[in-house]
Amino acid sequence: MLTLSHDDFERLVIDELDLLPDDMVDGLDNVIFVVEDRPEDGTLDTLGLYDGVALTERGQYGFGEMPDRIILFREPLLAIVSDMDELRDEVHVTLVHEIAHFYGIDDDRLHELGWA
């Protein structure tokens, strides 16, 4: 398992987020990105999570809403890679996957597109 401090992992996530296409991130309204060590249940099976209401399911949405969150879990991501290049790739895929949920794309469609 690769080791990386929380701060260094967070910097890597920011760097990967900066590499995503503008078309993908420009529409992210009221969304924050968070790094946590593990999901609440402690599993290493979950790499990321979109916590919010998908754009396609929003009715009345506006001022005063709590931000949606896209969470990347540091320990599960580190557990599945052997080097920094693999980690960057997995963080990239996880970001795309969770951002897709914001836009209303479900896991089945993501799997068809190769982003599962």
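Residue numbers for the sequence shown, in this note's numbering: 37 to 152. Think of the CB as a built atom: it goes at the ideal place given N, C-alpha and C, for glycine as much as any other residue.
The stretch 109-126 makes contact with the stretch 80-98; the number of CB pairs closer than 8 Å reaches 3 or more. With fewer than 16 other Cβ atoms inside 10 Å of its own Cβ, Glu148 counts as exposed.
When DSSP states are grouped into helix, strand and coil, Arg94 belongs to the coil group.
For secondary structure counted as the alpha helix (DSSP H) over 4 or more consecutive residues, the stretch 72-137 holds these complete runs in sequence order: 110-115.
Around the beta-carbon of Leu131, 16 or more other beta-carbon atoms lie within 10 Å, marking it buried.
Counting C-beta pairs with one atom in each stretch, the stretch 64-81 and the stretch 44-52 have three or more that are closer than 8 Å, which means they touch. Using a Cβ distance threshold of 8 Å, Pro75 and Phe109 count as a contacting pair.
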